[in-house]
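The block underneath contains the structure these notes are about, expressed in structure tokens.
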Amino acid sequence: MEILMSITVGVLFMVGTYLILTKSLLRVILGLMLLSHGAHLLLLTMAGLKRGAPPLLGQEAPFYADPLPQALILTAIVISFGVTAFLLVLAYRTYKEHKTDDLDKLRGTGDE
Amino acid sequence: MNNLVILPILIPFIIGTVLILFAKYHTLQRVISGITVFALLGISIYLAIFVYQEGILTLELGDWPAPFGIILVADMFATMMVILSSIVGLVCLFFAFQTISSEREKFFFYPFYFFLLTGVNGAFLTGDLFNLFVFFEVMLIASYILIVIGGTKYQLRESLKYVAINIFASILFIVGVAYIYAATGTLNMADLAVKVALLEQQGVLNVIAILFLIVFAMKGALFPLYFWLPRSYYGPPAAIAALFGGLLTKVGMYAIIRMFTLIFNHDPGFTHTVILILAGLTMFFGVLGAVSQFDFKRILSYHIISQVGYMVMGLGIFTPLAIAGAIYYIAHHIIVKAALFLFAGATQKLTGTTNLKEMGGILKTHPLLSWLFFISAISLAGIPPLSGFFSKFALILAGFQEERYIIVTVALIVGLLTLFSMLKIFIYAFWGEQKMTEKQAKQKVGKLLLPIVPLVILTVVLGFFAEPIFSYSLEVAEELLDPSIYINSVLKE
Numbered sequence: 041m042e043i044l045m046s047i048t049v050g051v052l053f054m055v056g057t058y059l060i061l062t063k064s065l066l067r068v069i070l071g072l073m074l075l076s077h078g079a080h081l082l083l084l085t086m087a088g089l090k091r092g093a094p095p096l097l098g099q100e101a102p103f104y105a106d107p108l109p110q111a112l113i114l115t116a117i118v119i120s121f122g123v124t125a126f127l128l129v130l131a132y133r134t135y136k137e138h139k140t141d142d143l144d145k146l147r148g149t150g151d152e
Numbered sequence: 345m346n347n348l349v350i351l352p353i354l355i356p357f358i359i360g361t362v363l364i365l366f367a368k369y370h371t372l373q374r375v376i377s378g379i380t381v382f383a384l385l386g387i388s389i390y391l392a393i394f395v396y397q398e399g400i401l402t403l404e405l406g407d408w409p410a411p412f413g414i415i416l417v418a419d420m421f422a423t424m425m426v427i428l429s430s431i432v433g434l435v436c437l438f439f440a441f442q443t444i445s446s447e448r449e450k451f452f453f454y455p456f457y458f459f460l461l462t463g464v465n466g467a468f469l470t471g472d473l474f475n476l477f478v479f480f481e482v483m484l485i486a487s488y489i490l491i492v493i494g495g496t497k498y499q500l501r502e503s504l505k506y507v508a509i510n511i512f513a514s515i516l517f518i519v520g521v522a523y524i525y526a527a528t529g530t531l532n533m534a535d536l537a538v539k540v541a542l543l544e545q546q547g548v549l550n551v552i553a554i555l556f557l558i559v560f561a562m563k564g565a566l567f568p569l570y571f572w573l574p575r576s577y578y579g580p581p582a583a584i585a586a587l588f589g590g591l592l593t594k595v596g597m598y599a600i601i602r603m604f605t606l607i608f609n610h611d612p613g614f615t616h617t618v619i620l621i622l623a624g625l626t627m628f629f630g631v632l633g634a635v636s637q638f639d640f641k642r643i644l645s646y647h648i649i650s651q652v653g654y655m656v657m658g659l660g661i662f663t664p665l666a667i668a669g670a671i672y673y674i675a676h677h678i679i680v681k682a683a684l685f686l687f688a689g690a691t692q693k694l695t696g697t698t699n700l701k702e703m704g705g706i707l708k709t710h711p712l713l714s715w716l717f718f719i720s721a722i723s724l725a726g727i728p729p730l731s732g733f734f735s736k737f738a739l740i741l742a743g744f745q746e747e748r749y750i751i752v753t754v755a756l757i758v759g760l761l762t763l764f765s766m767l768k769i770f771i772y773a774f775w776g777e778q779k780m781t782e783k784q785a786k787q788k789v790g791k792l793l794l795p796i797v798p799l800v801i802l803t804v805v806l807g808f809f810a811e812p813i814f815s816y817s818l819e820v821a822e823e824l825l826d827p828s829i830y831i832n833s834v835l836k837e
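Quick note, the sequences are listed as chains H and X, same order. Start counting the first sequence at 41; every next residue gets the next number (the working numbering). Start counting the second sequence at 345; every next residue gets the next number (the working numbering).
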């Protein structure tokens, strides 16, 4: 299971990196989204995908699943959701102002 | 166990939330936020004195014991940074009262100002790696909004890059957290320090250390990850640029120093040499950028980069004297940099431009402003007896003691070039022919100077009372170089 997850993470990072290197603004944002998903899955996988009882106090079970990565991934997902929403709005405003989503044209000339 | 530790985080958070409700009442917002920053400064000074006398204070949130729950730790380094953030927060707010347009105020300037302070103070005080990530995000989201508020064409274009780069750095931060959790099974910083020392595979630790170095270098603008800084700091108005230039990059510095003294001290021969090389390159390329520019704000932004190099140089040399020099330098830099950015704002309000070639002759019309700027400028360049001299002196002395001659040479050259480019600003903007119209020349700047004067006084005080302040930074450095004090007070072994 860990191997499958690792491959998934690898594919997400690969596609994300490819998209970040493109010229279109929207694709860069999509790339960042995929990268953050990859990072979240990595966080989950790195803690080990053990099968066990839910980590509640007072239960009898041979071993329990690690609750921490789930708490971490939840927090990270919420943060990345908010930031992505902000980035989309920002990109839309930039598109409206500059009338382009080509990153070459958004470079700005020199240090004006 | 003391609830005092959480106050510097909680107060700006609650006030920021309350201020959202009063979005339409600008005067009320100003009054509330003005009172709050003074309260914040008082509390952080009280906290620092308390920690200085009683030792490290910790707060276990929700009463969960240390390695399991989230913990807040206030040691001398953290409390010093909290004081500095409150000082900068105070002066920039009072500068913003006079320079921020009412449109920006309408779009929740004050709430996000306080959320930024929440994140900064939280990042200083937390003792948990993932919590550090969360506070970084709180700070960054607030900074995204402050940097784009106003929405000019330039701001939109450059802040888009700023946001994208910071999101990328945050993703790498999560990856680093994932790896270190896989290697050690904990995220509490004190517990990490213990487990890292026990871990046998140093190779994987070096990889994780460099990953974290990249993450914080991106936030702290180290070579080669500084390219976003000069352009994005140029866009927003001076009060926000001063807050960012003084405070925001220093949070990255704080995280680097904390991580590489507490957790990743397993192989200084490798990690700290990498840091030292980066420090030299950062200083050199930063100052080259500054020399080549002809714009008040841009020169200052490039100087941030070169001076971040000095702080990291102290960490790279890794002796008590060097770390003390770096800490002194951080204190000096936060104050002087904020002051210089506010000067940029004041002259911009006066002349309507930041281009040095269109300025000139401010010395005749506004002598007080000019000479105060001169004091801060030579303090930044490191002329004795001002604060910049003593911090650089400690760093260079430590470099000689450790026989790191290359970095010392670079540091001295950079100091010279810094002086050169600061004098360039002085000569072009303040000296020479008057290029302002008569109407502009008659403007009064007394009110604008009010927030700047305390900072200039502070940099003079930091210079003339170098002895007690330096012994304080030495104590901080010794505390940082002996992680067992931190570990014992968190884990209570």
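Yeah, the Cβ is synthetic: ideal placement off N, Cα and C, and Gly gets one too.
Using a Cβ-Cβ cutoff of less than 7 Å, which residues in the same chain neighbour residue i once the five nearest sequence positions on both sides are dropped?
i              : result
I444 (chain X) : F453, P581 and A583
I831 (chain X) : A534, A537 and V538
F441 (chain X) : R374
I393 (chain X) : none
T462 (chain X) : I353, P356, F357, G360 and V482
Y506 (chain X) : I491, W572 and S576
P729 (chain X) : G807 and F808
E152 (chain H) : Caution is warranted here: a pLDDT of 48 is assigned to E152 (chain H), below 50, making its placement in the model unreliable, and no coordinate value can be reported.
N550 (chain X) : D611, F614 and T615
R67 (chain H)  : L59
A101 (chain H) : G92 and A93
L713 (chain X) : A690, I706, V789 and L793
Sorted by chain position, which residues of the same chain lie with C-beta nearer than 6 Å to residue i's C-beta, five sequence neighbours on each side aside?
i              : result
Y570 (chain X) : I649
V426 (chain X) : P352, S388, N465 and F468
Y104 (chain H) : G92, A93 and P95
V381 (chain X) : G433, L434 and L437
L761 (chain X) : V631 and V635
Check the DSSP bridge columns for residue i and list the partner residues they point to.
i              : result
E332 (chain X) : Outside the modelled stretch of chain X, which goes from 345 to 837, sits residue 332 (chain X), for which no answer is possible.
N609 (chain X) : None; N609 (chain X) has no bridge partner.
D142 (chain H) : H:S64
N699 (chain X) : X:D639
A93 (chain H)  : H:Y104
G472 (chain X) : In the sequence under discussion, the amino acid at residue 472 (chain X) is Asp, which differs from the Gly named in the question. According to DSSP, which records beta bridges pairwise, D472 (chain X) is partnered with X:N532.
I think residue i touches residue j, with their Cβ atoms under 8 Å apart; what is that distance to the nearest whole Å?
i              : j              : result
F588 (chain X) : L644 (chain X) : Their Cβ separation, rounded to whole angstroms, is 11 Å, which puts F588 (chain X) and L644 (chain X) out of contact at 8 Å.
M190 (chain H) : A522 (chain X) : Since the first and last residues shown for chain H are 41 and 152, residue 190 (chain H) lies out of range.
L516 (chain X) : I558 (chain X) : 6 Å
M603 (chain X) : F556 (chain X) : 6 Å
G337 (chain X) : K594 (chain X) : Outside the displayed range of chain X (345 to 837) lies residue 337 (chain X), so it cannot be described from this structure.
L473 (chain X) : I431 (chain X) : Wrong, their Cβ atoms sit about 28 Å apart, outside the cutoff.
I511 (chain X) : L72 (chain H)  : 5 Å
A688 (chain X) : F640 (chain X) : 5 Å
T605 (chain X) : L824 (chain X) : 4 Å
L460 (chain X) : S503 (chain X) : Contact flag wrong, Cβ pair sits at about 15 Å.
For residue i, I'd like the list of residues in its chain whose CB is within less than 8 Å of its CB, leaving aside the five on either flank, ordered along the chain.
i              : result
R147 (chain H) : none
M45 (chain H)  : L81, L84, T85 and L89
I751 (chain X) : L620, A623, G624, M657, G660, I661 and G743
S64 (chain H)  : D141, D142 and L143
V680 (chain X) : S720, S723, L724, S731, G732, L799 and T803
Y749 (chain X) : G743
S377 (chain X) : I359, L363, L437, Y454, Y457 and F458
F75 (chain H)  : Reading the sequence as shown, one finds Leu at residue 75 (chain H) and not Phe. Excluding sequence neighbours, L75 (chain H) sits near L52, F53, G56, T57 and I60.
E42 (chain H)  : T85, G88 and L89
*Could you tell me whether the region 650 to 666 of chain X touches the region 817 to 831 of chain X, using the rule of 3 or more Cβ pairs below 8 Å?*
In short, these stretches touch, since the Cβ pair count reaches three.
*Given 8 Å as the limit, is there contact between the region 543 to 559 of chain X and the region 613 to 623 of chain X, that is, 3 or more CB pairs closer than that?*
yes
*Scan the region 545 to 605 of chain X and note each continuous alpha helix (DSSP H) run of 4 residues or more that stays entirely inside, going in chain order.*
546 to 564, 573 to 578 and 582 to 587
_For the pair the region 696 to 707 of chain X and the region 746 to 760 of chain X, tell me if three or more CB-CB distances fall below 8 Å._
no
*How about the region 562 to 578 of chain X and the region 586 to 601 of chain X: do they share at least three Cβ pairs that are nearer than 8 Å?*
yes
*Using 8 Å as the Cβ pair cut-off and three pairs as the minimum, do the region 789 to 800 of chain X and the region 713 to 726 of chain X touch?*
They touch, by the three-pair rule.
*Could you give the uninterrupted runs of the beta strand (DSSP E) lying entirely in the region 693 to 770 of chain X, keeping only those of 3 residues or more?*
Here no run is fully enclosed.
*asked:* Is it the case that the region 773 to 792 of chain X contacts the region 669 to 684 of chain X, given that we only count it when at least three CB pairs across the two stretches are under 8 Å?
replied: They do not touch, by the three-pair rule.
_Within 8 Å, do at least three Cβ pairs link the region 765 to 782 of chain X to the region 633 to 640 of chain X?_
yes
*Can you check the region 460 to 507 of chain X for any alpha helix (DSSP H) of at least 4 residues that lies completely inside it and give the ranges in chain order?*
With a minimum length of 4 residues, the continuous alpha helix (DSSP H) runs that stay inside the region 460 to 507 of chain X are 473 to 492.
_So, does the region 487 to 501 of chain X touch the region 399 to 411 of chain X, judging by three or more C-beta pairs under 8 Å?_
Contact fails: fewer than three Cβ-Cβ distances are below 8 Å.
*Could you pull out every unbroken alpha helix (DSSP H) segment of at least 4 residues lying fully inside the region 644 to 701 of chain X, listed in chain order?*
664 to 695
*Segments of 3+ residues assigned as beta strand (DSSP E) that fall wholly inside the region 787 to 821 of chain X*: none
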